[in-house]
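In this note's numbering, the protein residues as written are 1024 to 1514. Note that CB positions come from ideal geometry on N, CA and C, so glycine has one too. Notes for the one structure printed next.
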Ligand code: NAP
């Protein structure tokens, strides 16, 4: 099957932090892939900006090197050369006055109707960048600004960032990126729920026993130790990725795929989350921190060794029992967990349906497991529906738990774009459905902040867990107390 490519209008994309890790590892490889697929319309330009003193040729060389490292397509030399030809560079210090005039001049020479500013820098620069763009007359009606997580470290700082962006850009010009939402399977979750008559009638607490959301990483904090130490897993992963996934599973059917229709429904879920605070955090949350242990074929150091801080209280693992106080979900817990140095890198949503009310089969037929819908976001995206079926053969009625496997790569036999490819093209098209609106981000913080406060007040250190395990024993107890268990066996 051939993927349909819809060309986007000509655009100028300015990447602030264009020499950084995100730009090298994700953004330029994604842009190159879209370029190769013929999605760009000439004359489009990609303009890197950061403090390094480079000229266009020097910057192109760094991007070429990054593509050799991070793009499997870098061997297509003719195309690579054409791609590099549309890349430019402006040396610029966000906090100083130098460079901005040069950028303004570059943009106004041969202006493109679509102008996108990607802020691949730390959030403390977001406000200043927006201000400088306005001060130098670069914000046109066709402009849009893209910001990376983390948007703040609590509700108050998120509001400050949003205020600073909002002082220059209208809300519909602001694209808050959560790359999890750009994943093929996440969008397929919406297709599965709302383009089929099968699931929606049973998508509620009468039929669904519980939902698990696991975002597990096998690596430690790597070079991100300094940032991670100030953030922790709750801010780094739960406030954005896990809550966004929860919203897509739990939301009511939106009236359309229009950005605000979808975002209105996600917001309602965030507002319906049962509060977790000092009164119940000990019962509903577990935070952990990895200790040295077997990991990825060797012995991994502890988190405190990784960040060089013996007394660190930062959590590298979180498990939460989340309830949604509305008619659809009362009685169905959502178990969320995320962590570093876990046994494998996997992101997965597991929807477990309730047990059958009565079995007509004899005990010899075997145990009847719950029907489960498993939606895997990474490493290999796909959806499996686990069902009980009869084992083939004449040996009587033997039941087997088997997956109905909807592996996208095999089913459609086409290249599935990386999340950043889709999201970047959505920005150019002006489609904000997969981006977070201001009120969503702030509602998520309003729910997260009391958890952080409760942990701060308890003064208890995070529970230790060995690298290469599924977190502290208390995380297992969190689910087992409800007579359930995490579903590692079908991961
Ligand atoms: P990074 O490698 O440290 O890059 C930061 C970039 O900002 C560099 O290009 C740096 O270049 C530029 N910069 C810093 N101060 C500047 C200033 N005053 N004026 C102009 N440019 C300045 O960081 P990163 O990993 O790319 O991450 C960037 C942001 O994206 C962070 O907020 C991070 O949390 C977020 N993020 C990153 C990833 C990822 O995979 N890396 C994923 C999700 C989110 P100069 O030093 O040359 O100025």
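Looking at the unbroken beta strand (DSSP E) that takes in residue i, where does it start and where does it end?
{"i": "residue 1401", "result": "1395–1401"}
{"i": "residue 1409", "result": "1405–1413"}
{"i": "residue 1110", "result": "1110–1114"}
{"i": "residue 1170", "result": "1166–1170"}
Under the three-state reduction of DSSP, which class applies to residue i: helix, strand or coil?
{"i": "residue 1079", "result": "helix"}
{"i": "residue 1509", "result": "coil"}
{"i": "residue 1225", "result": "helix"}
{"i": "residue 1456", "result": "coil"}
{"i": "residue 1514", "result": "Its pLDDT being 47, under 50, residue 1514 is placed unreliably in this model, and the coordinates cannot settle the point."}
{"i": "residue 1240", "result": "coil"}
{"i": "residue 1384", "result": "coil"}
{"i": "residue 1275", "result": "coil"}
{"i": "residue 1369", "result": "strand"}
{"i": "residue 1426", "result": "strand"}
{"i": "residue 1361", "result": "strand"}
{"i": "residue 1233", "result": "strand"}
{"i": "residue 1037", "result": "strand"}
{"i": "residue 1518", "result": "Absent from the structure is residue 1518, since the part of the chain shown begins at 1024 and ends at 1514."}
{"i": "residue 1261", "result": "helix"}
{"i": "residue 1073", "result": "strand"}
{"i": "residue 1301", "result": "coil"}
{"i": "residue 1443", "result": "helix"}
{"i": "residue 1489", "result": "strand"}
{"i": "residue 1377", "result": "coil"}
{"i": "residue 1086", "result": "helix"}
{"i": "residue 1067", "result": "coil"}
{"i": "residue 1105", "result": "helix"}
{"i": "residue 1094", "result": "coil"}
{"i": "residue 1315", "result": "coil"}
{"i": "residue 1135", "result": "coil"}
{"i": "residue 1292", "result": "helix"}
{"i": "residue 1503", "result": "helix"}
{"i": "residue 1421", "result": "coil"}
{"i": "residue 1062", "result": "coil"}
{"i": "residue 1100", "result": "helix"}
{"i": "residue 1448", "result": "helix"}
{"i": "residue 1285", "result": "helix"}
Determine the extent of the alpha helix (DSSP H) in which residue i is found, giving its start and end residues.
{"i": "residue 1468", "result": "1461–1481"}
{"i": "residue 1157", "result": "1149–1158"}
{"i": "residue 1055", "result": "1051–1059"}
{"i": "residue 1145", "result": "First-last for residue 1145: undefined, no H or E at that position."}
{"i": "residue 1216", "result": "1207–1217"}
{"i": "residue 1031", "result": "Run containing residue 1031: none; DSSP gives neither H nor E here."}
{"i": "residue 1391", "result": "Segment: none, residue 1391 is in no alpha helix (DSSP H) and carries neither H nor E."}
{"i": "residue 1253", "result": "1248–1256"}
If I measure Cβ to Cβ from residue i and keep anything under 6 Å in the same chain, skipping five residues before and after, which residues do I get?
{"i": "residue 1428", "result": "1407"}
{"i": "residue 1117", "result": "1148, 1151, 1152"}
{"i": "residue 1414", "result": "1421, 1423"}
{"i": "residue 1496", "result": "none"}
{"i": "residue 1511", "result": "none"}
{"i": "residue 1470", "result": "1296"}
Excluding the five sequence neighbours on either side, which residues of its own chain have a C-beta within less than 8 Å of the C-beta of residue i, listed in chain order?
{"i": "residue 1323", "result": "1243, 1313, 1315, 1316, 1317, 1364, 1490, 1491"}
{"i": "residue 1454", "result": "1282"}
{"i": "residue 1142", "result": "1039, 1040, 1148, 1149, 1152, 1168, 1169, 1170, 1171"}
{"i": "residue 1056", "result": "1094, 1096, 1440, 1441, 1444"}
{"i": "residue 1122", "result": "1072, 1113, 1114, 1115, 1116"}
{"i": "residue 1061", "result": "1028, 1030"}
{"i": "residue 1508", "result": "1499, 1502"}
{"i": "residue 1188", "result": "1149, 1150, 1153, 1168, 1170, 1197"}
Grab me the residues of residue i's own chain with a C-beta within less than 7 Å of its C-beta, minus the 5 sequence neighbours each way, in chain order.
{"i": "residue 1157", "result": "1191"}
{"i": "residue 1097", "result": "1090, 1091, 1103"}
{"i": "residue 1222", "result": "1215, 1216"}
{"i": "residue 1064", "result": "1030, 1031, 1032, 1033"}
{"i": "residue 1466", "result": "1290, 1293, 1294"}
{"i": "residue 1042", "result": "1071, 1073, 1075, 1085"}
{"i": "residue 1307", "result": "1299, 1343, 1344"}
{"i": "residue 1125", "result": "1113"}
Does the beta carbon of residue i come closer than 7 Å to any beta carbon on chain B?
{"i": "residue 1265", "result": "Here there is only one protein chain, and chain B is not present."}
Minimum length 3: unbroken beta strand (DSSP E) runs contained in the segment 1317–1356: You should have 1321–1323, 1340–1345.
Three-pair Cβ contact test at 8 Å for the segment 1436–1456 versus the segment 1237–1254: no
Uninterrupted alpha helix (DSSP H) stretches inside the segment 1172–1205 (no shorter than 4 residues): 1178–1189
At least three beta-carbon pairs within less than 8 Å, the segment 1473–1487 to the segment 1187–1207: no
Sufficient close CB pairs (3 or more, under 8 Å) joining the segment 1210–1222 to the segment 1326–1346: no
Segment contact, 8 Å Cβ cut-off, at least three pairs: the segment 1388–1395 with the segment 1361–1376: Contact between the segment 1388–1395 and the segment 1361–1376 is present, because at least three Cβ pairs lie under 8 Å.
The segment 1287–1295 contacting the segment 1258–1273, beta-carbon criterion three pairs below 8 Å: The answer is yes - the segment 1258–1273 touches the segment 1287–1295, with three or more Cβ pairs under 8 Å.
Inter-stretch contact (C-beta, 8 Å, three-pair minimum) for the segment 1354–1361 and the segment 1222–1234: The segment 1354–1361, when compared against the segment 1222–1234, does touch it at the 8 Å Cβ threshold.
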